Amino acid sequence: MKPKITPIDHEVSLEDDEFIVSKTDTRGLITYVNRTFMRISGFSEPELLGIQHNIIRHPDMPRGAFKLLWDTLKEGDEFFAYVKNLCKDGSYYWVFANITPDYDSRGNLRGYYSVRRKPSREAVDTIIPVYEEMLRIEKNSTTKEAMTHSIAYLTEQVSHAGVTYQDWMLQLNSSEVER
């Protein structure tokens, strides 16, 4: 069961050379976390293993972003995103996430592998208003339409950049995107 955590306005940051690594099974249950993940999130290994990865989902993250993530992974493609995560104590941390399908030696999907690093401040400042608008759209839409409308807004923002979603994410991280 996901613990009830009350978010607080306190940001925790990764160091420039740190990486958060985790693995999940095909259902999103955590099968591996590195020490950096545990230190930043405040959760111990026993509190994380076998638990849904969304244990660290911050309420400021739009559901549409996660639908896009899962739709992309189900196609067998890797996914990049800026994600605001929740710590055990209610603090938060931003990451630039790369999630890839993890296959066994026979080519069967066995889960997902994620490496997260510190994002540029410019990228976070660019994505925050996009996520805020996605959340507003989700709140003002019916449950059935919320994620579709939210993703449509995100797609519109990406189209203004003239690139694919993945390329936009990568450009934001390198601060090459026009603002």
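Going by the UniProt record's numbering, the sequence shown opens with residue 1, and the numbers climb by one from there. By construction, the Cβ of each residue, glycine as well, lies at the ideal position given by its N, Cα and C atoms. No experiment lies behind these values; they were computed from the predicted model shown.
Inter-residue spacing [alpha-carbon to alpha-carbon] between residue i and residue j
{"i": "residue 171", "j": "residue 142", "result": "33 Å"}
{"i": "residue 16", "j": "residue 117", "result": "8 Å"}
{"i": "residue 177", "j": "residue 126", "result": "With a pLDDT of only 42 at residue 177, under 50, the local geometry of the prediction cannot be trusted, and the value read off the model is given with reservation. Their Cα atoms are separated by approximately 9 Å."}
{"i": "residue 5", "j": "residue 87", "result": "8 Å"}
{"i": "residue 57", "j": "residue 84", "result": "7 Å"}
{"i": "residue 139", "j": "residue 146", "result": "7 Å"}
{"i": "residue 71", "j": "residue 9", "result": "31 Å"}
{"i": "residue 137", "j": "residue 149", "result": "7 Å"}
{"i": "residue 153", "j": "residue 74", "result": "22 Å"}
{"i": "residue 12", "j": "residue 121", "result": "13 Å"}
{"i": "residue 179", "j": "residue 162", "result": "A caution first: residue 179 carries a pLDDT of 39, below 50, which makes its placement in the model unreliable, though a value can still be read off. Cα to Cα, the separation comes out at about 13 Å."}
{"i": "residue 100", "j": "residue 24", "result": "11 Å"}
{"i": "residue 111", "j": "residue 166", "result": "21 Å"}
{"i": "residue 105", "j": "residue 49", "result": "24 Å"}
{"i": "residue 144", "j": "residue 69", "result": "18 Å"}
{"i": "residue 32", "j": "residue 103", "result": "15 Å"}
{"i": "residue 160", "j": "residue 46", "result": "44 Å"}
Integer Cβ distance of residue i from residue j, believed to fall under 8 Å
{"i": "residue 30", "j": "residue 41", "result": "With 8 Å as the limit, residue 30 and residue 41 do not qualify as a contact, their Cβ atoms being about 11 Å apart."}
{"i": "residue 28", "j": "residue 53", "result": "5 Å"}
{"i": "residue 119", "j": "residue 94", "result": "5 Å"}
{"i": "residue 34", "j": "residue 20", "result": "7 Å"}
Opening and closing residue of the alpha helix (DSSP H) in which residue i lies
{"i": "residue 150", "result": "143 to 161"}
{"i": "residue 72", "result": "63 to 74"}
{"i": "residue 37", "result": "35 to 41"}
{"i": "residue 46", "result": "45 to 48"}
{"i": "residue 173", "result": "165 to 174"}
Residue range of the beta strand (DSSP E) that includes residue i
{"i": "residue 116", "result": "109 to 117"}
{"i": "residue 139", "result": "That residue, residue 139, is in no beta strand (DSSP E); its alpha helix (DSSP H) goes 121 to 139."}
{"i": "residue 85", "result": "79 to 86"}
Residue nearest to residue i in terms of C-alpha spacing, selected from the options
{"i": "residue 79", "options": "50, 85, 47, 114", "result": "114"}
{"i": "residue 128", "options": "45, 101, 34, 65", "result": "65"}
{"i": "residue 90", "options": "60, 74, 109", "result": "60"}
{"i": "residue 133", "options": "123, 112, 156", "result": "156"}
{"i": "residue 51", "options": "124, 69, 26", "result": "26"}
{"i": "residue 151", "options": "135, 55, 163, 33", "result": "135"}
{"i": "residue 130", "options": "24, 81, 102", "result": "81"}
{"i": "residue 97", "options": "24, 169, 11, 12", "result": "169"}
{"i": "residue 124", "options": "37, 39, 174", "result": "174"}
Beta-bridge partners of residue i, as assigned by DSSP
{"i": "residue 11", "result": "92"}
{"i": "residue 26", "result": "Answer is none; residue 26 lacks a bridge partner."}
{"i": "residue 101", "result": "112"}
{"i": "residue 5", "result": "For residue 5, which the question treats as bridged, DSSP gives no partner whatsoever."}
{"i": "residue 20", "result": "116"}
{"i": "residue 57", "result": "85"}
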